[in-house]
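Chains as they are written, first to last, in my numbering: chain A, 1 to 295; chain B, 1001 to 1295.
Working notes, beginning with the structure itself.
There are 2 protein chains.
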Amino acid sequence: MNVKEQLLKYARMTENALGKYIPSADCPQKSVIDAARYSLSAGGKRLRPALVMEFCRVCGGKPETALPVACAIEMMHTFSLIHDDLPCMDNDDLRRGKPSCHKAFGEATALLAGDALAIMPFEVIAKAGLDKTISAEDALKISALLAELAGFEGMIGGQTLDLEYENKQPPLSAIVDMYNMKTCALLEFCCKAGCIAAGADESKQDAAGKFGRSIGLAFQITDDILDITADEKTLGKPIGSDKENGKYTYVSAVGIDKAREHVKQLTAEAKEFLNEFSDTEFLNGLAGMLAERSN
Amino acid sequence: MNVKEQLLKYARMTENALGKYIPSADCPQKSVIDAARYSLSAGGKRLRPALVMEFCRVCGGKPETALPVACAIEMMHTFSLIHDDLPCMDNDDLRRGKPSCHKAFGEATALLAGDALAIMPFEVIAKAGLDKTISAEDALKISALLAELAGFEGMIGGQTLDLEYENKQPPLSAIVDMYNMKTCALLEFCCKAGCIAAGADESKQDAAGKFGRSIGLAFQITDDILDITADEKTLGKPIGSDKENGKYTYVSAVGIDKAREHVKQLTAEAKEFLNEFSDTEFLNGLAGMLAERSN
């Protein structure tokens, strides 16, 4: 099993499908559509769609069944990146080595492109239920779960905490809570939603959700580490931005060595949750790869 | 039939339910929840929820059945107002006589509150399907319709055009297209969604949607008229803001007298679409009231 190759295969499926959901259009509101397409096609590992499709597969479904949900979560993730980069938020000029959306299209258009990408996931999921790609009941469950984990108690709650904690030194537990909401919630969604799309039972959904949370926390801590140790070219954005933005991170709280150790622990924990499933070579490999990534 | 009283009754139902969907919470991310509650409770006519519940009623359903959908559309509408007021958009300090959300809570928190209010409608609708308030199929239809009419081809597309046309003199047809997307799309949603919640057939949904579009256009043109003729205190915001913001409106294009005439025509047209329904005293009265409003 070549993990990178399989990840790339899922990424290509996702990118093809995303291009069809938002075709380039020659209409008066072209600018906002172009801005959304720009950010959606800016690359990245497409980790979230891969998790959705792979959990569907290990639960006995076809990856294609979960493709609409995979696209939905990539739209939601992209919305969060566009708004996160805005001047009133992190004010980042670069994203994956390219100008961020508002640098390329202006602030208002970026705002609106993000807005549309926060809404469209629910159209995609609802239509997958209406055209029977997934059952109506499952589409509603996935839709409710996405909204919950993206909203006040999930990602957006976490982004709020990220702002609240700027230029402060919150206790480690508060940092972990913030990461859990900001990053882990959507990864929990991906893993659970893949199971739901395959019609898997609650114990599988539960284990998948825990796997998502564990790799999510490991992922976010690795981000903190890379912000200090990475090569700027490999990372695609300036290093040291956390400190510059007054962000007290997991690494600030426990130091790099302990942070690295915790990433290993969390990754090992994540792999244990996979015991609920069979044929998990890709998921095991992916968890390992994420813990050792350099960008 | 006292139209104002019935409108107030629907408004109270909506406000009660909204308070339960987003209870005030003593959690670390309190600021974003408070910001959302602030804007949601800022008042207004609650026209959209009333349309949802009344169309459900005239199609033989209970208004309460459509209450979750009524709350969902009020959240979506409120999200659009919060983001519309942001400095990178219309940069409005006042909304309904009170400081706009970003003036009261800061730009980042307002951005995030808007984001959460764009997402939560889909949670509310999905859960109404899961708890069988409406059928699963109808919940999916309503969810897909809301996303379509709020997204690139609807409200957000229209807001994009609003920006594109700043300091320009677009032809009247372009202004009408912009209003149709920016304002009429969500009103079409309200009327159609009420019918869907009641299980009404497509010809009723279609007539309701057309009623929504006609009163929507009349509503937006009346907004343009009031921006010139209203009393600032009654309107709750500064008059003359369109001109100041470089906005060329329907009134700029045809003049106040013709604009008033068109509002009357559109209102008469709207009332004709009500022939598809019986017991339409409230809807008829509402259409008339909107055409003659002073704020």
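Even for Gly, the Cβ is constructed at its ideal location relative to N, Cα and C.
For clarity, every value in this text was computed on a predicted model and none was experimentally measured.
Cα separation between residue i and residue j?
i, j, result
"I1225 (chain B)", "C1056 (chain B)", "31 Å"
"I221 (chain A)", "V263 (chain A)", "7 Å"
"G199 (chain A)", "D138 (chain A)", "8 Å"
"S1278 (chain B)", "L1161 (chain B)", "37 Å"
"T1014 (chain B)", "V1124 (chain B)", "13 Å"
"K1005 (chain B)", "S1143 (chain B)", "Rather than Lys, the amino acid found at residue 1005 (chain B) in this sequence is Glu. So the alpha carbons of these two residues sit roughly 30 Å apart."
"S1041 (chain B)", "G60 (chain A)", "47 Å"
"K182 (chain A)", "S241 (chain A)", "18 Å"
"G1246 (chain B)", "G209 (chain A)", "50 Å"
"M1089 (chain B)", "A108 (chain A)", "6 Å"
"I1119 (chain B)", "F1152 (chain B)", "15 Å"
"L1051 (chain B)", "R1213 (chain B)", "12 Å"
"A1036 (chain B)", "A1110 (chain B)", "8 Å"
"I82 (chain A)", "L1112 (chain B)", "12 Å"
"F219 (chain A)", "F1122 (chain B)", "28 Å"
"K30 (chain A)", "E1166 (chain B)", "16 Å"
"M1178 (chain B)", "N275 (chain A)", "54 Å"
"L1117 (chain B)", "D1093 (chain B)", "20 Å"
"D1223 (chain B)", "Y1250 (chain B)", "10 Å"
"G1106 (chain B)", "F282 (chain A)", "44 Å"
"M53 (chain A)", "K132 (chain A)", "17 Å"
"G97 (chain A)", "K192 (chain A)", "31 Å"
"E188 (chain A)", "G288 (chain A)", "17 Å"
"P238 (chain A)", "N295 (chain A)", "12 Å"
"P1171 (chain B)", "A1253 (chain B)", "8 Å"
"A66 (chain A)", "P1068 (chain B)", "28 Å"
"M1075 (chain B)", "F211 (chain A)", "33 Å"
"K1168 (chain B)", "I1073 (chain B)", "31 Å"
"S173 (chain A)", "I1156 (chain B)", "39 Å"
Within the 8 Å Cβ cut-off, does residue i reach chain A?
i, result
"L1161 (chain B)", "yes"
"P1068 (chain B)", "no"
"S1100 (chain B)", "no"
"K1009 (chain B)", "no"
"H1083 (chain B)", "yes"
"A1197 (chain B)", "no"
"E1148 (chain B)", "yes"
"D1177 (chain B)", "yes"
"A1200 (chain B)", "no"
"A957 (chain B)", "A question about residue 957 (chain B) goes unanswered here, because the residues of chain B that appear run from 1001 up to 1295."
Find the residues of chain A that neighbour residue i, judging by a C-beta separation of less than 7 Å, and give them in chain order.
i, result
"C1088 (chain B)", "E107, A108 and L111"
"A1185 (chain B)", "Here the premise fails: no neighbours, minimum Cβ distance about 12 Å."
Using a Cβ-Cβ cut-off of 8 Å, state whether residue i counts as contacting chain B.
i, result
"P63 (chain A)", "no"
"F152 (chain A)", "yes"
"K141 (chain A)", "yes"
"A218 (chain A)", "no"
Using the beta-carbon of each residue, which ones in chain B are nearer than 9 Å to residue i?
i, result
"I156 (chain A)", "Q1029, V1032, L1112, A1113, D1115, A1116 and I1119"
Against residue i, what residues of chain B qualify as contacts under a CB-to-CB distance less than 8 Å, listed in chain order?
i, result
"S252 (chain A)", "Those within 8 Å of S252 (chain A) in chain B number zero; the least Cβ separation is about 18 Å."
"A104 (chain A)", "Going along chain B, no residue has its Cβ under 8 Å from A104 (chain A), so there is no contact; the nearest lies around 15 Å."
"E164 (chain A)", "P1028, Q1029 and S1031"
Interface residues of chain B around residue i at Cβ under 7 Å?
i, result
"A144 (chain A)", "E1123, A1126, K1127 and L1130"
"E137 (chain A)", "A1136"
Does the beta-carbon of residue i, which I'm using as the reference point, lie nearer than 7 Å to any heavy atom of the ligand GTP?
i, result
"E54 (chain A)", "The ligand GTP is absent from the structure shown, which contains no ligands of any kind."
Taking 8 Å as the threshold (beta carbon to beta carbon), is residue i in contact with chain C?
i, result
"G1194 (chain B)", "The chain labelled as chain C is not found among the protein chains of the depicted structure, namely A and B."
| Secondary structure, alpha helix (DSSP H): runs of 4+ residues fully inside the segment 188-227 of chain A | none
| query | Along the segment 1111-1129 of chain B, what residues have a CB closer than 7 Å to any CB found in chain A? | reply | L1111, L1112, D1115, A1116, A1118, I1119, M1120, F1122, E1123, A1126, K1127 and G1129
| query | What residues in the segment 33-65 of chain A have a beta carbon less than 8 Å from any beta carbon of chain B? | reply | I33 and A36
| request: Could you tell me which uninterrupted alpha helix (DSSP H) segments, each at least 4 residues in length, are contained entirely in the segment 1007-1050 of chain B, listed from first to last along the chain? | output: The qualifying runs are 1030-1040.
| field | Minimum length 4: unbroken alpha helix (DSSP H) runs contained in the segment 236-263 of chain A | value | 241-244 and 250-254
| query | Going along the chain, which unbroken runs of the alpha helix (DSSP H) with 4 or more residues stay wholly within the segment 1082-1111 of chain B? | reply | 1101-1105
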